[in-house]
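Residue numbers (the numbering used here), protein chains in the order written: chain A, 1 to 443; chain B, 1001 to 1788. Below you'll find the structure, written out as structure tokens, and then a few comments.
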């Protein structure tokens, strides 16, 4: 059965080679041929965008917006300065796919950035890496960037033509919120990472006030192969609305956690198999299928689900960044959401009221429940806060903080109730009804 | 284009946001972070409203209206969203309204009443934020902050000095200054107004009263020359605080800190409580009637027509009108208000503080030339207008004798020695005469020979660039308000006129006084009577009056240190037979030189009218009754006229005076004269001596601000002199020591030394900010610096 799955063909194609991140390895696999071809034959920009559009590639950062359509929002031929930004601030808990692309296949990303820059008419691109990448990930990317410069694939007069493209690498300072595209733009501009309100969208007014396209590492690293092998090669795998390959970072209670690049639409069962199955042969309890900010899905539902955007959405969650967190039957779900809520509490940027105040409130209530001090009112409040936050903030962090709490409350409410010991459930309801509303006393 | 809000059809222009449309149509949308003078932040999420067909609530402040869409501000979705936001805001906001200064005028309180829940569901601990001291004007209580960032944006966008910032993230986000420094902007008080909660409060009125006990009276700023509109809040017949009154043409919604906090002087210990008279060599407090008797008696013993009267240009036009009327009725023409002016070379000097364009037009200038103006601190409102023009890409150039800090960037800034100022202006004229040689509109213009004589060939590229910028349309030249102590002041005004003729640019002669234009119009000058008509008898100007050692001097609303010829004045007064003072404040030392001092109500305690530099007459009412036994100026002056037998109705009231002054003055001949004919240029002889340069500290310019305790705490260290390194080395000063001795004549001053390369060569820069600076000597006079 294992042999049926096409694994690691796109972004991880160098993984099976020695020195996967070296320039020679990449070139030996046909790397930079697309870029050379584009530069030397002065390829039509529109044609590139059309190819990407035809391939059906969707943004791999989490939102899944069609990449080709995003690029088409920009007027490639206008004289205006345009920018490409590569979002390598991979900080969604559970996600580590971009890290391995940067480490083992950085040239694919560089080539993808070059093609994308060319397609949108940008002559400057930024690659924004998360602060924690400063060690081996950054150095691997930096070495690759220098090699590409040395071989005249980037810089002034690329391959002795009149094309100029610069790629700048930047290291963040460790804020989760900078992974939000507009906060990233602020950070690149040297400001505090606060998301901007939209409209105007970055494609109209982005970095330094100029039209800007922001793409995820995996999205950009997929471009060279799509261009090389054609859109049909790409969308021959996967489903109709979710074509192509996608990297999944499987973590949690599995025997062989890791990154797996598989065709979209692969059943979750197979992915679990690739990851070595459940640890100690335990039963699966729950899965967070797309990074900590998406709703949790009960294990039994997940086992029947395929790994593509639509199927997971049907299961009540989102594909997100493809970070699959698997939890076995012994997992304490209150502790899990406690940890997740704490993360969003400390990572909220503090700009919008609902998120700034709400994330803290949710965490404090969960903390109270976990300590055994909770009551039924807390459960009610905890159920209502996510609804109050979601949809009312500038960026999606508010929703990201609200969705897990909401889904945990929905699917595992009885575990929360267990923490409210001492009193019987009926008593609690009785107590609730007695002091239900605050009554204005009239003298 | 049209939309519907709450089923009401509203038209709008493209790009307008929903909150703007709703505000225009009287539809209330709650908000905290939105302020129509600031950029949009969209962070408070209070203004969420429903757009039909869109699932998520939309923030009205940042969402542009879309044609033919329907919006609801009170639908379930909208109201729920607003309620939710309100509940979130109150989670960490302390419910200490009873002890909060903002209580009663708090936007959060109002919104909580309208949109909040009755009871909070939040039971956990609340956030507490450490307060840092940010100066004497603003009291912080950052635990109350709701992070709307209005103050941060105000600093960045309006004040132009970024002092506040948001540090930290999430719940730990704090609004504070960087490195716990103090707020230094001369407009900082406005942050108190725009703060929707009680996080930023006025320090002087902190915990002294409640909003609902206050009475509001409109007033006009008694400082700088723009006449900012403000509201005075009065509690128990004393001023509780001052806030801006919106005037789109002048100060918009802002006022300077000086306007806001100067009222504190009213309670200063220098305040004169009762008339004081010198009886048998001793100063004693007397009753009003007795004081008038003494005045009548004393005047009858002297030749009263050999008197001189000096009035402050901060006095109202009514006072000035009555003052000169009283004196002229007694054949005294030695009347002047230009007490801080150094030299009077031209007897017919008709150039008075005015600006050729309305204040609101300044922001449309394409280039602005500042001539030795510390605009940001001396004229904060005008600086704001210039800043607005700068933000519209105007080029701002500056020729100065000290590199002042501005809240806008300058294109070219030229640091010169004070005595090279007029040479520099002549250089500009020299360049302009070459450039405009073919301009037929200038055919009638003949350049005075005296100026031509000074042409010496151009070398400085900066001057060429400055001149070229002036040649653009809508250019403006602003002559600094501290230049009147400059020996060439009158020549500089004439040269500025010539430049403005050659470049067709607008001029602005700035003043530190609120009613200097009014003083000219009302005839408080030796050569003009009210309404700018020429006087038949021309009297002495202030300089001559002092040096002629007259028999009697009358000083109205002025401290001695307001006079440029301070030491000479004191000598003349001690030799005079009778000295009458009419003033609100007096120092113990100054008192000795007066024979009679009458307690005058301050500008806040009397009604009056000010004329600002653009020529706008603005009247204001009395905001509180005169304190102690002081009386309004118009009453005192009317009484004095009566003593001298003037034929006036006894039942005269303030409005009669206003009408009389109005009729006498309003019909003045146009004062826009660009005189330049009789110019006589002189060269300063002492080329190489060290001279004292400097302006007056903006919180020491008049007798009110210099007594305002909080304002005077803003820059606590005042006793220092600034000199540049080169000059110090030339004068063999030990740079390792931080103290030096400066000498002017026989006077010495031990002061802290600040090595400051913003000072021009051969200058000792002293910003006058305490009495010792005046006792030392005059500005623009030789000075010596020595090691301790």
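We treat Cβ as the ideally placed atom computed from N, Cα and C, and that holds for glycine. All figures in this text were calculated on a predicted structure; none of them were measured in a lab.
Shorter than 8 angstroms from the beta carbon of residue 108 of chain A to some beta carbon of chain B? On the first chain, residue 108 of chain A is found 108 positions in, with the first residue counted as 1. Chain B contact via Cβ: absent.
For the alpha helix (DSSP H) containing residue 361 of chain A, name the first residue and the last one. Position 361 of the first chain, counting from 1, holds the residue named residue 361 of chain A. Here the alpha helix (DSSP H) through residue 361 of chain A covers 353-370.
N- and C-terminal bounds of the alpha helix (DSSP H) containing residue 1718 of chain B: The residue labelled residue 1718 of chain B in the question sits at position 718 within the second chain. Looking at the DSSP string, residue 1718 of chain B is not in any alpha helix (DSSP H), and its letter there is neither H nor E.
Alpha carbon to alpha carbon, how far is residue 1729 of chain B from residue 1587 of chain B? Here residue 1729 of chain B refers to the residue found at position 729 when the second chain is read from its first residue. Here residue 1587 of chain B refers to the residue found at position 587 when the second chain is read from its first residue. Distance between the alpha carbons of residue 1729 of chain B and residue 1587 of chain B is about 39 angstroms.
Sorted by chain position, which residues of the same chain lie with C-beta nearer than 6 angstroms to residue 1502 of chain B's C-beta, five sequence neighbours on each side aside? Indexing the second chain from 1 puts residue 1502 of chain B at position 502. 1432, 1436.
Any contact between the region 1298-1313 of chain B and the region 1326-1342 of chain B? By contact I mean 3 or more CB pairs, one from each, below 8 angstroms. The region 1298-1313 of chain B is in contact with the region 1326-1342 of chain B.
CB residue 1169 of chain B to CB residue 1143 of chain B, shorter than 8 angstroms? If you number the second chain from 1, residue 1169 of chain B lands on position 169. If you number the second chain from 1, residue 1143 of chain B lands on position 143. No, the pair does not count as a contact, with Cβ atoms beyond the cut-off.
Would you say residue 1383 of chain B reaches chain A, if we count a Cβ-Cβ gap shorter than 8 angstroms as a contact? For the purposes of this step, residue 1383 of chain B is identified with residue 383 of the second chain, where counting begins at 1. Chain A, which has no Cβ nearer than 8 angstroms to the Cβ of residue 1383 of chain B, makes this no.
Tell me whether residue 1254 of chain B sits in a helix, a strand or coil according to DSSP, three-state version. Against the second chain, residue 1254 of chain B aligns to sequence position 254. Coil.
If contact means a Cβ-Cβ distance below 7 angstroms, which residues of the region 1106-1127 of chain B contact chain A? Residues passing the 7 angstroms Cβ filter: 1118, 1119, 1121, 1122, 1124.
Residue from B/1690, B/1002, B/1775 with nearest C-alpha to residue 1759 of chain B: To locate residue 1759 of chain B, count along the second chain from 1; it is residue 759. Per the Cα distances, B/1690.
When A/230, A/52, A/213 are compared against residue 184 of chain A, the one with the closest alpha-carbon: On the first chain, residue 184 of chain A is found 184 positions in, with the first residue counted as 1. It is A/213.
Straight-line Cα distance separating residue 1426 of chain B from residue 1727 of chain B: Along the second chain, read from residue 1 onward, the residue named residue 1727 of chain B stands at position 727. Along the second chain, read from residue 1 onward, the residue named residue 1426 of chain B stands at position 426. Each residue's Cα considered, the two are about 26 angstroms apart.
Please check if any C-beta of chain A sits within less than 8 angstroms of the C-beta of residue 1008 of chain B. Position 8 of the second chain holds residue 1008 of chain B. No, residue 1008 of chain B lies away from the interface with chain A (no Cβ there is under 8 angstroms from its Cβ).
What separation, rounded to the nearest whole angstrom, lies between the Cα atoms of residue 1023 of chain B and residue 1159 of chain B? Along the second chain, one-based indexing puts residue 1023 of chain B at 23. Along the second chain, one-based indexing puts residue 1159 of chain B at 159. So the two alpha carbons sit approximately 25 angstroms from each other.
Can you list, in chain order, the residues of its chain with a C-beta nearer than 6 angstroms to that of residue 1327 of chain B? Leave out the 5 residues immediately preceding and following it. Taking the second chain and counting its residues from 1, one reaches residue 1327 of chain B at position 327. Answer for residue 1327 of chain B: 1309, 1335, listed in chain order.
Would residue 1094 of chain B pass as an interface residue toward chain A - the criterion being a Cβ-Cβ separation below 8 angstroms? Within the second chain, numbered from 1, the residue matching residue 1094 of chain B stands at position 94. By this cut-off, residue 1094 of chain B is not an interface position.
So if DSSP puts residue 454 of chain A in a beta bridge, which residue, or which two residues, is it bridged to? The question about residue 454 of chain A has no answer here: the residues shown for chain A are numbered 1 through 443.
Kindly list, in the order they appear in chain A, the residues whose Cβ is closer than 8 angstroms to that of residue 1056 of chain B. In the second chain, counting from the first residue as 1, residue 1056 of chain B sits at position 56. Here the neighbours are 391, 392.
Range covered by the beta strand (DSSP E) that runs through residue 1162 of chain B: As a position in the second chain, residue 1162 of chain B is number 162, starting the count at 1. Per DSSP, residue 1162 of chain B belongs to no beta strand (DSSP E) and is neither H nor E.
Integer Cβ distance of residue 86 of chain A from residue 217 of chain A, believed to fall under 8 angstroms: Sequence index remark: in the first chain, residue 86 of chain A carries index 86 (1-based). Sequence index remark: in the first chain, residue 217 of chain A carries index 217 (1-based). Contact between residue 86 of chain A and residue 217 of chain A holds: their C-beta atoms lie close to 6 angstroms from each other, under 8 angstroms.
Do residue 286 of chain A and residue 294 of chain A have their beta-carbon atoms positioned less than 8 angstroms apart in this structure? Against the first chain, residue 294 of chain A aligns to sequence position 294. Against the first chain, residue 286 of chain A aligns to sequence position 286. No, they are not a contact pair.
Given 7 angstroms as the limit, tell me if residue 1027 of chain B has its C-beta closer than that to any heavy atom belonging to the ligand FAD. You won't find the ligand FAD in this model; it holds no ligand whatsoever.
Measure the alpha-carbon distance for residue 327 of chain A versus residue 5 of chain A and round it to whole angstroms. Here residue 327 of chain A refers to the residue found at position 327 of the first chain. Here residue 5 of chain A refers to the residue found at position 5 of the first chain. Whole-angstrom Cα-Cα distance: 24 angstroms.
Of the choices B/1117, B/1536, B/1082, B/1504, whose alpha-carbon is the least far from that of residue 1367 of chain B? What you label residue 1367 of chain B is simply residue 367 of the second chain in a count that begins at 1. Ranking the options by Cα distance to residue 1367 of chain B, first place goes to B/1504.
Per-residue burial, residue 314 of chain A [other beta carbons within 10 Å of its own, 16 or more giving buried]: Residue mapping note: residue 314 of chain A aligns to position 314 of the first chain, counting from 1. So residue 314 of chain A counts as exposed.
Using a Cβ cut-off of 7 angstroms, pull out every chain A residue sitting near residue 1044 of chain B, in sequence order please. Here residue 1044 of chain B refers to the residue found at position 44 when the second chain is read from its first residue. 353, listed in chain order.
In chain order, what residues of the same chain lie with their CB nearer than 6 angstroms to the CB of residue 1085 of chain B, ignoring the 5 residues before and after it? As a first step, residue 1085 of chain B must be located in the second chain, where it is residue number 85. Only 1045, 1046 meet the Cβ criterion.
What residue range is occupied by the uninterrupted beta strand (DSSP E) comprising residue 1368 of chain B? Within the second chain, numbered from 1, the residue matching residue 1368 of chain B stands at position 368. Note, residue 1368 of chain B: beta strand (DSSP E), 1367-1371.
Can you list, in chain order, the residues of the region 379-408 of chain A whose Cβ is nearer than 7 angstroms to any Cβ on chain C? Although the question refers to chain C, the structure presented lacks it and instead comprises the protein chains A and B.
Residues of its chain near residue 325 of chain A, where Cβ-Cβ distance is below 6 angstroms and the 5 sequence neighbours each way are ignored: Here residue 325 of chain A refers to the residue found at position 325 of the first chain. 94, 251, 252, 288, listed in sequence order.
Please confirm whether residue 35 of chain A and residue 147 of chain A have their CB atoms less than 8 angstroms apart. On the first chain, residue 35 of chain A is found 35 positions in, with the first residue counted as 1. On the first chain, residue 147 of chain A is found 147 positions in, with the first residue counted as 1. By the CB criterion at 8 angstroms, residue 35 of chain A and residue 147 of chain A fall outside the cutoff.
In terms of alpha-carbon separation, which member of A/133, A/237, A/33 lies closest to residue 151 of chain A? The sequence position of residue 151 of chain A within the first chain is 151, counting from 1. Comparing Cα positions, the closest option is A/33.
Determine, using beta carbons only, whether residue 1028 of chain B comes closer than 8 angstroms to chain A. As a position in the second chain, residue 1028 of chain B is number 28, starting the count at 1. Chain A, which has no Cβ nearer than 8 angstroms to the Cβ of residue 1028 of chain B, makes this no.
Pull up the distance between the alpha-carbon of residue 1713 of chain B and that of residue 1375 of chain B, whole angstroms please. For the purposes of this step, residue 1713 of chain B is identified with residue 713 of the second chain, where counting begins at 1. For the purposes of this step, residue 1375 of chain B is identified with residue 375 of the second chain, where counting begins at 1. Whole-angstrom Cα-Cα distance: 21 angstroms.
Are any of the Cβ atoms in chain A nearer than 8 angstroms to that of residue 1244 of chain B? Here the question's residue 1244 of chain B lines up with position 244 in the second chain. Residue 1244 of chain B does not count as touching chain A.
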